[in-house]
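**Student:** Sequential numbering of the sequence shown, starting at 1, is according to my numbering.
For glycine and all other residues, C-beta sits at the position ideal for the given N, C-alpha and C.
Predicted model, so just to flag it, every value in this text is computed and none were measured.
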Amino acid sequence: MTTDRQGNAELNISLPVTVPGGQFITATATDPEGNTSEFSQCVPVMGAAQPDVAVTMIGLASLTDCDLPISYGIAVHNRGPASAPGAIVSDELPACLTGIAVTTTRGRATVRGQTVTAELGTLDPGAAAIITITARVTPACGPRLSNTVSVSAANDTDSTNNTATVSTSVSCDSPITGAAVSGPKVIGTRKGFDRAASAVDLHDLEDYQANLVAPTPHGRFAPNGSW
Numbered sequence: 001m002t003t004d005r006q007g008n009a010e011l012n013i014s015l016p017v018t019v020p021g022g023q024f025i026t027a028t029a030t031d032p033e034g035n036t037s038e039f040s041q042c043v044p045v046m047g048a049a050q051p052d053v054a055v056t057m058i059g060l061a062s063l064t065d066c067d068l069p070i071s072y073g074i075a076v077h078n079r080g081p082a083s084a085p086g087a088i089v090s091d092e093l094p095a096c097l098t099g100i101a102v103t104t105t106r107g108r109a110t111v112r113g114q115t116v117t118a119e120l121g122t123l124d125p126g127a128a129a130i131i132t133i134t135a136r137v138t139p140a141c142g143p144r145l146s147n148t149v150s151v152s153a154a155n156d157t158d159s160t161n162n163t164a165t166v167s168t169s170v171s172c173d174s175p176i177t178g179a180a181v182s183g184p185k186v187i188g189t190r191k192g193f194d195r196a197a198s199a200v201d202l203h204d205l206e207d208y209q210a211n212l213v214a215p216t217p218h219g220r221f222a223p224n225g226s227w
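1) Assuming contact is defined by CB atoms lying nearer than 7 Å, are Val238 and Val76 in contact in what I supplied?
2) Taking all protein chains shown into account, do 16 or more other C-beta atoms lie within 10 angstroms of the C-beta of Pro85, making it buried, or fewer, making it exposed?
3) Starting from Ile133, follow the beta strand (DSSP E) in both directions and report where the run begins and ends.
4) Quick one: any contact between the stretch 58-77 and the stretch 27-41, if contact means 3 or more CB pairs under 8 Å?
5) Would you tell me roughly how many angstroms separate the C-alpha atoms of Ala153 and Arg5, rounded to the nearest one?
6) Between the alpha carbons of Ile133 and Glu119, how many angstroms are there, rounded?
7) Under 7 Å between the Cβ atoms of Pro69 and Asp156?
8) Could you check the C-alpha separation between Asp91 and Ala29 for me, to the nearest Å?
9) By how many angstroms is the C-alpha of Glu33 removed from the C-alpha of Thr3?
10) Given this structure, state the Cα-to-Cα distance separating Val89 from Asn12, to the nearest angstrom.
11) Could you pull the start and end residues of the beta strand (DSSP E) that Glu119 belongs to?
12) Spell out the partners DSSP gives Asn147 in its beta bridges.
13) Give the range of the beta strand (DSSP E) segment to which Leu60 is assigned.
14) Does Leu97 pass the burial test, meaning 16 or more other C-beta atoms within 10 Å, or should it be called exposed?
15) Work out the CA separation of Val45 and Pro143 for me, nearest whole Å.
16) Can the beta-carbon of Arg106 be found less than 7 Å from the beta-carbon of Ala140?
17) Does DSSP put Cys66 in a helix, in a strand, or in coil?
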C-alpha cells in the first residue's frame with residue numbers, strides 16, 4: 001500500500017466474520033521494517049434494525065356470571081424500528097367457553113375449536129392491530145377463568161412482551177332440582193350463592209303445599225308455585 005504525501009491511505013475490505021451491533025472496529029498499519037502505527041479512530045458497528053412486536057389484553061369485565069357473554073380486547077403493536085413480517089396472534093381459549101367468535105382490524109382471524117388465530121401480515125414500525133374475541137361462559141368456568149394470548153413475528157427482538165393473561169371471576173348459581181314426593185321431604189338444595197335469591201318459582205307441585213326452608217324463612221308457596 002502506498003500513502004499520499006500526508007502519510008494517509010484508504011483501504012476498503014470485507015471482514016470474513018460477522019461483527020455484532022454495538023461493537024467497534026479499529027486498525028493499525030505496519031511498514032516493511034515492522035514499525036506499527038497508532039490505532040485508527042474507532043468505528044462503531046451499527047446492527048440491522050429489528051422489529052419488536054408486543055401484545056396486551058383486557059377483559060371487558062372483571063366479574064361475570066354463568067351463561068353470559070364475555071369479551072377480550074387484544075392489541076398488538078410493532079414497537080421496533082423495522083417492519084415485522086408474518087405477525088400472528090394465537091389464543092387457546094379455555095374449554096369451558098362456548099360460542100367463540102373473533103374480529104380483527106387487519107389481516108384475517110379464524111376460530112378452530114378453542115383456538116383463535118389472527119394472521120396480521122406485516123406490521124410496519126408503529127403499526128397496530130386490534131382483535132376482539134367474544135364467547136359464552138359456562139358453569140365449568142367458575143370460580144376463576146384465565147385466558148392467555150401470544151404474538152410472534154419474524155426477527156422479533158424481545159420475547160418478554162409476547163404474551164398477556166387476563167383472569168376473570170365467575171359466579172354460577174346452582175339451580176333447585178328435585179323429584180315429586182309426598183309428605184314433608186327435602187326435594188332440593190341451593191348452594192354456591194353469594195347473593196340473595198329473588199323471584200323464586202316452584203314447579204309441578206300439584207296437590208300439596210310447599211315451604212321454602214332456609215336459615216331465615218321468607219314466605220310460603222301455594223300449590224301452583226306462586227309466592
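**Tutor:** Here's the rundown:
1) This structure gives no information on residue 238, because the portion of the chain shown stretches from 1 to 227.
2) The residue labelled residue 85 in the question sits at position 85 within the sequence shown. The residue in question, Pro85, is exposed, as its Cβ has fewer than 16 Cβ neighbours within 10 Å.
3) Taking the sequence shown and counting its residues from 1, one reaches residue 133 at position 133. Its beta strand (DSSP E) spans residues Ala128 to Arg136.
4) With a cut-off of 8 Å, the stretch 27-41 and the stretch 58-77 do not count as touching, because too few Cβ pairs lie within range.
5) Looking up residue 153 in the sequence shown gives position 153. Looking up residue 5 in the sequence shown gives position 5. Answer to the nearest angstrom: the Cα atoms are 54 Å apart.
6) In the sequence shown, residue 133 corresponds to position 133, counting from 1. In the sequence shown, residue 119 corresponds to position 119, counting from 1. So the alpha carbons of these two residues sit roughly 14 Å apart.
7) Position 69 of the sequence shown holds residue 69. Position 156 of the sequence shown holds residue 156. Against a cut-off of 7 Å, the Cβ pair of Asp156 and Pro69 comes out as no contact.
8) Against the sequence shown, residue 91 aligns to sequence position 91. Against the sequence shown, residue 29 aligns to sequence position 29. Asp91 and Ala29 have their C-alpha atoms spaced approximately 59 Å apart.
9) The residue you call residue 3 lines up with position 3 of the sequence shown. The residue you call residue 33 lines up with position 33 of the sequence shown. If you take the alpha carbons of Thr3 and Glu33, they lie about 16 Å apart.
10) In the sequence shown, the residue the question calls residue 89 occupies position 89. In the sequence shown, the residue the question calls residue 12 occupies position 12. Cα-Cα distance, rounded: 45 Å.
11) Mapped onto the sequence shown, residue 119 falls at position 119. Note, Glu119: beta strand (DSSP E), Thr115 to Leu123.
12) Taking the first residue of the sequence shown as 1, we reach residue 147 at position 147. Per DSSP, Val166.
13) The residue given as residue 60 occupies position 60 in the sequence shown. Neither: Leu60 is in no beta strand (DSSP E) and is coded neither H nor E.
14) As a position in the sequence shown, residue 97 is number 97, starting the count at 1. Leu97 counts as buried, since at least 16 other C-beta atoms from the protein chains shown sit within 10 angstroms of its C-beta.
15) Stepping through the sequence shown from its first residue, residue 143 is reached at position 143. Stepping through the sequence shown from its first residue, residue 45 is reached at position 45. Distance between the alpha carbons of Pro143 and Val45 is about 54 Å.
16) If you number the sequence shown from 1, residue 106 lands on position 106. If you number the sequence shown from 1, residue 140 lands on position 140. No, they are not a contact pair.
17) Here residue 66 is taken as the residue at index 66 of the sequence shown, counted from 1. Annotated three-state conformation of Cys66 is coil, per DSSP.
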